[in-house]
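All remarks here apply to the structure that follows.
Protein chains in written order, with the working numbering: chain B, 5 to 357; chain E, 5 to 357.
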C-alpha cells in the first residue's frame with residue numbers, strides 16, 4: 005500500500021452560541037494500517053445536519069458528545085478502498101457515521117457502516133432515503149397521523165426533512181402549508197413541491213399568515229424550528245391538533261435558552277398533543293421507510309433537492325449554511341470521487357445506469 | 005307560593021390579571037314564576053374551580069364566556085324546591101351549572117341538571133365523583149397511561165384534581181411525588197395520601213428536588229400549574245415521558261402571558277409527549293369514572309378533602325382562595341340547607357344513612 009494522507013476536521017472547542025469555524029481544527033495525518041475487521045472508506049459525500057450541533061456540546065443525549073480533539077462526527081457515504089473485513093469488499097459503496105474527513109477507518113461502533121444497494125444514487129442514503137427522509141416519514145406518519153382533508157403545517161419546509169414531510173402530507177391528501185425563509189424557497193414550496201401555500205418567515209407575520217392560510221386551524225404541525233414559529237402555530241391549532249417536535253434549529257445557537265411559547269395552554273383548550281421523537285428509535289422499521297421513500301422518489305411523487313458544496317476544506321463553512329438558512333434541501337459536501345461510474349446524486353428520478 | 009328572594013353574584017367586569025371581588029356584583033332579586041319544563045333549585049354547595057377564570061374572559065373556548073351582568077357560572081348541588089318539570093320532583097337532589105346564587109331556575113341548557121343518586125353525599129358530584137375527580141381519572145389514565153413501577157409527578161397535588169390523580173397513580177402501583185405549597189399540604193401528601201415524596205414549591209428548589217426524588221426521571225407528569233413548575237418537570241423527564249396538561253393556574257391571572265418553558269426540546273431528546281384535554285370530551289364515559297371513583301372512596305382507597313366555606317356573601321372571596329393556594333382539596337361554599345336529612349359531604353367513607 006502507498007501511504008495515504010487523510011485530511012480531517014477535529015472538534016477543537018465546544019461552541020458557545022452560534023457555531024464558528026474556529027470551533028474546528030484542520031489536521032492532516034497518515035492513515036494507520038488496518039487491523040482485522042477494519043476497512044478503509046474514501047468518503048465521497050459528507051452529510052451536514054442540525055443535530056450535529058448537539059453532539060458538539062458536552063452533554064449526554066441520544067448519542068455521546070464528540071470529544072475535544074476527536075474527528076467531528078457526521079454521516080457520510082464513501083467507497084471501500086481497502087478491507088480486512090470480509091463483509092466489505094474493496095470497491096463497494098457504504099454509508100455510516102464516517103466523520104468530517106476524507107478517509108475513515110470503519111468496521112466497528114459508530115463507523116460500522118452499511119452497504120448501499122446497487123442502483124441507489126450515492127447521496128440518497130444521506131438524505132431522502134436516509135435519516136432526514138426517514139425522520140419526515142416516521143415523524144409525520146407515526147406522530148402526526150395526518151388524515152385526508154386535514155391541514156398540515158410544516159416549518160423548515162425547504163429543508164431536507166421538512167420538504168419531504170410536506171410532500172408526504174400531500175400524498176396523504178392533506179392541505180399543506182409550508183414555512184420557509186425567502187421568496188426563492190417559498191416558490192419552490194408551491195411551484196415544485198405542490199404545496200397549497202407558503203409563508204416567508206423573514207418578511208411575513210407568521211401567526212397572521214397561518215390564520216389566513218389555515219382558516220380551520222392547523223391539524224398537524226411538523227416542526228423543525230421551535231421558538232416564535234412554534235408559538236405562532238400554537239395560536240392557530242385546530243381541535244385535536246398534533247404537533248410533531250422534530251427539532252428546534254431556531255434555538256440551537258442560543259447562548260442562553262430562550263423562553264418557550266407563551267400559549268402552551270392552547271394545548272388544553274384545543275386538546276392538542278405535542279410530541280418529540282428521535283429517528284433512531286425507529287431503526288427496526290428503517291427498511292420499510294427506505295423502500296417507500298425510494299419508490300416515491302423514483303416515481304416522481306416526491307422531489308428532493310440537494311445543496312452540494314465541494315472540498316473537505318469547506319466542511320465547517322458548509323455546516324454553518326444550515327444555521328444561516330442558506331441551504332435548499334439536503335446539505336451535502338462532496339469530498340471525493342468514486343473509482344467507478346455511479347449515479348452520485350439526483351434531484352428527482354435518477355438517470356438509468 | 006310565597007315570594008322568594010334570590011341572592012346572586014353577577015359578573016360585573018372582566019378581570020385584568022388577578023380576579024378581584026370588584027369583578028362581581030351582588031344582587032337580590034325576586035325569583036320569577038316557573039314556566040313549563042323549569043324547576044327551581046335551592047343551592048346547597050357551590051363549587052369553585054380554576055376553570056371559571058377562563059369563563060370570565062371575553063373569549064370563546066370550550067364554553068361561551070359569561071356575559072357581563074349575567075349570574076357567574078359555577079357548578080353546584082341543590083335540592084328541587086318547586087318543579088314544573090316531570091323529570092325533577094320536589095325534594096330531589098340535583099347537580100348542575102346552577103351558578104353563583106342561592107336559587108337557580110333550571111331545566112334547560114347549562115342548568116339542565118342531573119339527579120344525584122340516593123346514598124351519594126351531596127358534595128361528591130362536585131368533587132371526587134364530579135368534574136375534578138373525573139379530570140384526574142381520565143387525564144391520568146387515558147393520557148398519562150401510568151405503568152406499575154413508573155414515577156408519576158403531580159403538581160397542585162393537594163388540590164381537588166391533583167390529590168385524586170396522585171392517589172390513582174398510587175393505586176396503579178407507581179412511585180408518586182407531589183408538589184404543593186407549604187408544609188401542611190406537603191404533610192397531607194405523604195402522611196395521609198401515602199405519596200412517596202412531597203415538594204414544597206414555596207420554599208424548595210423544585211427542579212433540584214424533582215431530580216433528587218425522581219432519580220430515574222419522571223415518566224408521567226400530571227400538571228395543573230404550568231409555568232416554572234412545568235419547566236422544572238421538563239428538565240427531569242424520563243425517556244418516553246407523558247405530560248398531561250390539565251390546566252395552568254400559575255398563568256390564569258397573568259395580565260400578559262408569561263413565556264413558556266425554555267426546555268421544550270427535552271421533549272425531543274426524551275421522546276416525550278405533552279397533551280392537553282378537557283374533561284367534557286369524556287362525557288360518554290362519565291358513568292364509568294363515577295362508579296370507579298365512588299368505589300375507591302367508599303373503600304377508603306382514595307381520600308378526599310373538602311375545603312368548605314360558608315355563606316353566599318363570601319362567594320368571590322372563596323373563589324379567590326384557589327388563586328392564593330389557600331384551599332386544601334376541593335373548594336366548596338355552603339349556601340343553603342337541605343330540607344331533609346342527607347349526608348352532605350365527607351372526607352373519606354360516608355356515614356351510613
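Just so it is clear, CB atoms sit at the ideal spot from N, CA and C, and this is done for glycine as well.
For residue 159 of chain E, decide whether its Cβ has a neighbour in chain B, counting only Cβ atoms nearer than 8 Å.
Output row for residue 159 of chain E: interface = no.
Compute the Euclidean distance between the alpha carbons of residue 129 of chain E and residue 61 of chain E, then round it to the nearest angstrom.
Their Cα atoms are separated by approximately 26 Å.
How about residue 184 of chain B and residue 161 of chain B: are their beta carbons less than 8 Å apart?
yes
What does residue 278 of chain E pair with, by DSSP beta-bridge criteria?
B:278 and E:247
Helix, strand or coil for residue 108 of chain B? Go by DSSP, reduced to three states.
strand
Is the CB of residue 211 of chain E under 8 Å away from at least one CB in chain B?
no
Taking the beta carbon of residue 352 of chain B as the centre, do at least 16 other beta carbons fall within 10 Å, making it buried, or is it exposed?
Any reading at residue 352 of chain B must be qualified, since the residue scores a pLDDT of 43, below 50, and its modelled position is unreliable; no value is offered.
Whole-angstrom C-beta distance between residue 338 of chain B and residue 310 of chain B, which should lie under 8 Å
Going by Cβ atoms, the distance from residue 310 of chain B to residue 338 of chain B rounds to 10 Å, so no, they are not a contact pair.
Since residue 47 of chain E and residue 102 of chain E should fall inside the 8 Å C-beta cutoff, what is the C-beta to C-beta distance between them, to a whole number of angstroms?
5 Å
As assigned by DSSP and simplified to three states, the class of residue 357 of chain B
With a pLDDT of 29 at residue 357 of chain B, under the threshold of 50, the modelled position of this residue cannot be trusted, and the question is left open.
Quick one: is residue 227 of chain B buried, meaning 16 or more other Cβ sit within 10 Å of its Cβ, or exposed?
buried
If contacts are defined as beta-carbon pairs under 8 Å, then residue 225 of chain E and residue 248 of chain E qualify, I think. What distance do you get, rounded to the angstrom?
7 Å
Starting from the beta carbon of residue 285 of chain E, find every residue of chain B whose beta carbon is closer than 7 Å, and list them in chain order.
Those within 7 Å of residue 285 of chain E in chain B are 275.
Enclosing alpha helix (DSSP H) for residue 293 of chain E [first to last residue]:
290-302
At 4 residues or longer, what runs of the alpha helix (DSSP H) sit wholly inside the segment 198-247 of chain B?
For the segment 198-247 of chain B, whole alpha helix (DSSP H) runs of length 4 or above, ordered along the chain, are 210-217 and 231-238.
Tell me whether the beta-carbon of residue 66 of chain E lies closer than 8 Å to the beta-carbon of residue 241 of chain B.
no
For residue 351 of chain B, does the three-state DSSP call read helix, strand or coil?
Note that residue 351 of chain B scores a pLDDT of 48, beneath 50, so its modelled location is shaky; the value from the coordinates is reported in the next line. Of the three classes helix, strand and coil, the one that applies to residue 351 of chain B here is coil, per DSSP.
Selection of the segment 250-264 of chain B by Cβ proximity to chain E, strictly under 8 Å
250, 251, 252, 255, 261, 262, 263 and 264
Per DSSP, what kind of secondary structure is residue 87 of chain E in: helix, strand or coil?
strand
Residue 46 of chain B lies in the beta strand (DSSP E); which residues open and close that run?
43-51
Per-residue DSSP class, three states only, for residue 99 of chain E
strand
In chain E, what lies closer than 8 Å to residue 272 of chain B by C-beta?
Contact annotation for residue 272 of chain B against chain E: 249, 250, 251, 252, 280, 281 and 282 [CB-CB distance below 8 Å, chain order].
Taking the alpha carbon of residue 117 of chain E as the reference point, which residue from E:72, E:41, E:36 and E:180 has its own alpha carbon closest?
E:41
For the beta strand (DSSP E) containing residue 13 of chain E, name the first residue and the last one.
9-15
Report, in whole angstroms, the separation of the C-beta atoms of residue 20 of chain E and residue 259 of chain E, which I expect to be a contact under 8 Å.
Indeed they touch by this definition, with Cβ atoms about 6 Å apart.
Give the range of the beta strand (DSSP E) segment to which residue 182 of chain E is assigned.
179-184
Cβ of residue 10 of chain E within 8 Å of Cβ of residue 261 of chain B?
no
Quick one: list the residues of chain B neighbouring residue 66 of chain E, beta-carbon separation under 8 Å, in chain order.
273
Contact criterion: CB-CB distance below 8 Å. Does residue 315 of chain B meet it with respect to chain E?
no
Do we get a CB-CB distance below 8 Å when we pair residue 268 of chain B with the residues of chain E?
yes
Nearest to residue 218 of chain B (by Cα), restricted to the options B:234, B:109, B:282 and B:200:
B:200
Mind reading off the beta-carbon distance from residue 145 of chain E to residue 172 of chain E? Whole number of angstroms is fine, and I expect it under 8 Å.
7 Å
Residue 303 of chain B to residue 294 of chain B span [Cα, whole Å]
14 Å
Any idea if residue 252 of chain E is buried or exposed, counting beta-carbon neighbours within 10 angstroms, 16 or more meaning buried?
buried
For residue 238 of chain E, which residues from the same chain have a beta carbon less than 6 Å from its beta carbon, with the 5 sequence-adjacent residues on both sides left out?
Cβ within range, chain order: 265, 267 and 270.
Less than 8 Å between the C-beta atoms of residue 257 of chain E and residue 231 of chain E, yes or no?
no
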